[in-house]
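Enquirer: Quick one: structure below, then a few questions.
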Amino acid sequence: MTDTTTTPRQFLTLQEIVTTARARLAPGPWAYLTGATETETTQLRNRQALDSLAFRPRVLNDVSKVSARAPFMGRDMRLPVMLAPVGGLESFAEGGSAAAARGAAQFGVPMMLSSVCQPGLEPTAAAADALRVFQLYVRGDGLWVDDWVRRAKEHGYGAFCLTVDSAYYSRRERDLLGGFAKPWRPTDTTGLLKQAALSWDDVKRYKDRHDLPLVLKGIATGEDAELAVQHGVEVVYVSNHGGRQLDHGLGSIAVLPEVVAAVKGRAQVWVDGGFMRGTDVVKAIALGAQTVGLGRLACLGLAAAGPAGLVRTLELLEEEILISLALLGVRSCAELTPRHLAVAPPVRMPEALGAFPLLGEYPGV
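The opening residue of the sequence shown carries number 377 in our numbering; numbering runs sequentially from there.
This is how it looks when you write it as structure tokens:
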């Protein structure tokens, strides 16, 4: 948990936000924020997959006016990003998800609230008038899920998300070795079995009973994307849990093209997994994603300076996106296509914070 004595406008780069967050977080939360499961290969592949894409810019287009605005569930947002669901935001900033909601609303992007984040569904909704989605880890039967859907709908959540890549809780060795116990870490065996038993029958049940749009988070193949669309799912969310669940998975952006091809425009496609810079976001949009989830980056902003730090993080990200769009020769995200990208070898070995290569090279960075 951090104080917010630094003036967020003092941050000139995202690198400074990372450095400040590191200085203000205790070792346990920092290891949780930057770590992943077992060998952390999936997390590193998230970065490697992003770094394996290069740009193909077009020139002599009028880019005197460039906008990064994009639609999200029928509403116009300032950027094609949202705050991805992160459990335990209260470990990074006072107020937890309520602080994140205030920052998201102030800047103008949506957020997805994790069911294992405090202060919970109702207080987070009351904290700010942000466009929001609720994400649930299943710990009960169908009637238990129905109650969560009812509460989400009554409190203005625009969609409901089931996480589908967490049938078992992974072994996150940084947490185990450092003795960091998250307050929400699952211990109830009966409850955990409910998540493990989740199946396509539960998706059908949801669609038969509820009109709140359904998001499936954790899709990692074209085959499952096709099944999701066949079940009437409104949003296919490509994610590997930031590398926190299955080790030795593919990077999220490497999976994105096959999911987009399978969906064929019949549902929205969202993605998260290692997106830290404006260029990362632009690459995902060029490959067909409508929205990019920010997990660790949002946490870094909150840890650096609370809601104001999150706003400043998003401001810097916006500047990076706008510059990238202009230099690619496009005036909006809608003009991006896969033709703006090419496969290229990465120039450095992947690291958890490899998007910030200047860390430690300058005073205060």
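Just so you know, even glycine gets a beta-carbon here, dropped at the ideal spot from N, CA and C.
This one's a predicted model, so the numbers in the text were calculated from it and none came from an experiment.
Cutting at 6 angstroms between CB atoms, please list the residues of its own chain near residue 541, excluding the five before and the five after it.
Expert: Residue numbering aside, residue 541 sits at position 165 when the sequence shown is read from its first letter. These residues qualify, in order along the chain: 594, 617, 621.
Enquirer: Mind checking which residues open and close the alpha helix (DSSP H) that includes residue 516?
Expert: Numbered from 1 along the sequence shown, position 140 holds the residue referred to as residue 516. Looking at the DSSP string, residue 516 is not in any alpha helix (DSSP H), and its letter there is neither H nor E.
Enquirer: Threshold first: 4 residues or longer. Then list the alpha helix (DSSP H) segments lying entirely within the stretch 430 to 498, N to C.
Expert: 473 to 483
Enquirer: Under 8 angstroms from any heavy atom of the ligand SAM, does the C-beta of residue 545 make it?
Expert: For the ligand SAM, the structure offers nothing, since it holds no ligand at all.
Enquirer: Which whole runs of the beta strand (DSSP E) in the stretch 612 to 669 are 3 residues long or more, in chain order?
Expert: Listed in chain order, they are 644 to 647.
Enquirer: Straight-line CA distance for residue 554 to residue 415?
Expert: By 1-based counting over the sequence shown, the position of residue 554 is 178. By 1-based counting over the sequence shown, the position of residue 415 is 39. The alpha-carbon atoms of residue 554 and residue 415 are separated by roughly 15 angstroms.
Enquirer: What's the C-alpha gap between residue 600 and residue 635?
Expert: In the sequence shown, the residue the question calls residue 600 occupies position 224. In the sequence shown, the residue the question calls residue 635 occupies position 259. Roughly 8 angstroms between the two C-alpha positions.
Enquirer: Assuming residue 627 and residue 422 are in contact, meaning their beta carbons sit under 8 angstroms apart, how far apart are those beta carbons, in whole angstroms?
Expert: By one-based count along the sequence shown, residue 627 stands at place 251. By one-based count along the sequence shown, residue 422 stands at place 46. About 5 angstroms separates the two Cβ atoms, so the contact holds.
Enquirer: Which of helix, strand or coil does DSSP assign to residue 512?
Expert: Residue 512 sits at position 136 when you count from the first residue of the sequence shown. Looking at residue 512 - three-state DSSP - the assignment turns out to be strand.
Enquirer: What does a CB cutoff of less than 6 angstroms around residue 692 pick up in its chain, not counting 5 residues either side in sequence?
Expert: Taking the sequence shown and counting its residues from 1, the one referred to as residue 692 is at position 316. Closer than 6 angstroms at the Cβ level, and outside the excluded window around residue 692, lie 390.
Enquirer: Do the stretch 701 to 719 and the stretch 657 to 675 touch if we need at least three Cβ pairs shorter than 8 angstroms?
Expert: yes
Enquirer: Contact between the stretch 452 to 470 and the stretch 670 to 682 is defined here as three or more beta-carbon pairs at a separation below 8 angstroms; is this criterion met?
Expert: yes
Enquirer: The beta strand (DSSP E) that contains residue 718, what's its start and end?
Expert: Sequence index remark: in the sequence shown, residue 718 carries index 342 (1-based). 717 to 719 is the extent of the beta strand (DSSP E) around residue 718.
Enquirer: Determine the extent of the beta strand (DSSP E) in which residue 538 is found, giving its start and end residues.
Expert: By one-based count along the sequence shown, residue 538 stands at place 162. From DSSP, the beta strand (DSSP E) with residue 538 extends over 536 to 539.
Enquirer: Hey, would you say residue 477 sits closer than 9 angstroms to residue 444, going by beta carbons?
Expert: Within the sequence shown, numbered from 1, the residue matching residue 477 stands at position 101. Within the sequence shown, numbered from 1, the residue matching residue 444 stands at position 68. Against a cut-off of 9 angstroms, the Cβ pair of residue 444 and residue 477 comes out as no contact.
Enquirer: Three-state secondary structure (DSSP) at residue 594?
Expert: Locating residue 594 in the sequence shown gives position 218, where the first residue counts as 1. Here residue 594 sits in strand by DSSP.
Enquirer: For residue 530, does the count of other Cβ atoms within 10 angstroms reach 16, so buried, or fall short, so exposed?
Expert: In the sequence shown, residue 530 corresponds to position 154, counting from 1. When all chains shown are included, residue 530 counts as exposed.
Enquirer: Grab the span of the alpha helix (DSSP H) containing residue 395 for me, first residue to last.
Expert: For the purposes of this step, residue 395 is identified with residue 19 of the sequence shown, where counting begins at 1. From DSSP, the alpha helix (DSSP H) with residue 395 extends over 390 to 400.
Enquirer: Please state whether DSSP places residue 745 in a helix, a strand or coil.
Expert: The chain is shown only over 377 to 741; residue 745 falls outside these bounds and no answer can be derived.
Enquirer: Note down, in chain order, each residue of its chain lying with its Cβ closer than 8 angstroms to the Cβ of residue 666, except the 5 sequence neighbours on either side.
Expert: Start at 1 with the first residue of the sequence shown, and residue 666 comes out as number 290. Cβ neighbours of residue 666 beyond the five flanking positions: 446, 447, 448, 456, 644, 645, 646.
Enquirer: Under 8 angstroms, with one C-beta from each stretch per pair, do the stretch 699 to 707 and the stretch 720 to 737 reach the 3-pair mark?
Expert: The stretch 720 to 737 and the stretch 699 to 707 do not touch, with fewer than three beta-carbon pairs separated by less than 8 angstroms.
Enquirer: State the Cα-Cα distance for the pair residue 740 and residue 392, rounded to the nearest angstrom.
Expert: As a first step, residue 740 is located in the sequence shown; it is residue number 364 there, counting from the start. As a first step, residue 392 is located in the sequence shown; it is residue number 16 there, counting from the start. Near 7 angstroms, if we compare the C-alpha coordinates of residue 392 and residue 740.
Enquirer: From residue 611 to residue 592, what does the alpha carbon distance come to, in whole angstroms?
Expert: In the sequence shown, residue 611 corresponds to position 235, counting from 1. In the sequence shown, residue 592 corresponds to position 216, counting from 1. Distance between residue 611 and residue 592, taken at the CA atoms: about 6 angstroms.
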